[in-house]
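In mature numbering (1 follows the signal peptide of the UniProt record, and there is no 0), the protein residues as written are -19 to -1, 1 to 176. Here the structure is laid out as structure tokens; the discussion comes afterwards.
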């Protein structure tokens, strides 16, 4: 009877939840901002509403993710854009594109105090300190699309690999093995005492 109760307790005992992290990223895509929202296990946020706000918290617009977790937003103001998505179950994704990058997309001057590496390179080129190869807009867009298409699956694979092979997962597996050995030794000792 005691063995039956012990077996029932072990079967009904709660198992640890497999947690996953939210991944989110935004990057320039020609005259728009492209973003990706999903989970580190490879599941992507499909048909999720993305709320876009400015640095003052005012809403700038909304977007919807597609079947692969990607969305496109066309900015209209050269300010920092904060993209946030409520994915449910306490998962909230939030990522920001700085004002200087948004200004570059719009072809406008960056706001005062916002300087990126590209801005510094452009200023150095204008001063004659650096030689920069110029590409047409079509060439830049073609290169950006090719790079994005190649990086998408890699980003997902890396995130999924990190999730499945984490240190916590390894320790959990060792804990289960030790627990099973302990249960085996307990049952062996009980049998010896009963004999």
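We treat Cβ as the ideally placed atom computed from N, Cα and C, and that holds for glycine. Since the model is a prediction, treat every value here as computed from it, not as a measurement.
Collapsing the DSSP output to three states places residue 10 in a strand.
Between residue 20 and residue 4, the gap from beta carbon to beta carbon is short of 8 Å. Residue pairing by DSSP puts residue 3 in a beta bridge opposite 20. Residue range 80 to 87 is occupied by the alpha helix (DSSP H) that includes residue 85, with no beta strand (DSSP E) assigned at that position. CA-CA distance, residue 41 to residue 74, rounds to 17 Å. In the three-state reduction of the DSSP assignment, residue 32 falls in the strand class, which pools E and B. Rounded to the nearest angstrom, the gap between the Cα atoms of residue 150 and residue 36 is 38 Å. Within the same chain, 73 come within 7 Å of residue 67 by CB-CB distance, once the 5 residues on both sides are set aside. Residue pairing by DSSP puts residue 65 in a beta bridge opposite 32, 75. The straight-line gap separating the alpha-carbon atoms of residue 152 and residue 158 is approximately 10 Å. In terms of CA proximity to residue 50, 30 leads the group 61, 30, 60, 168.
Nearest to residue 80 by alpha-carbon distance, out of 23, 61, 171, 2, is 61.
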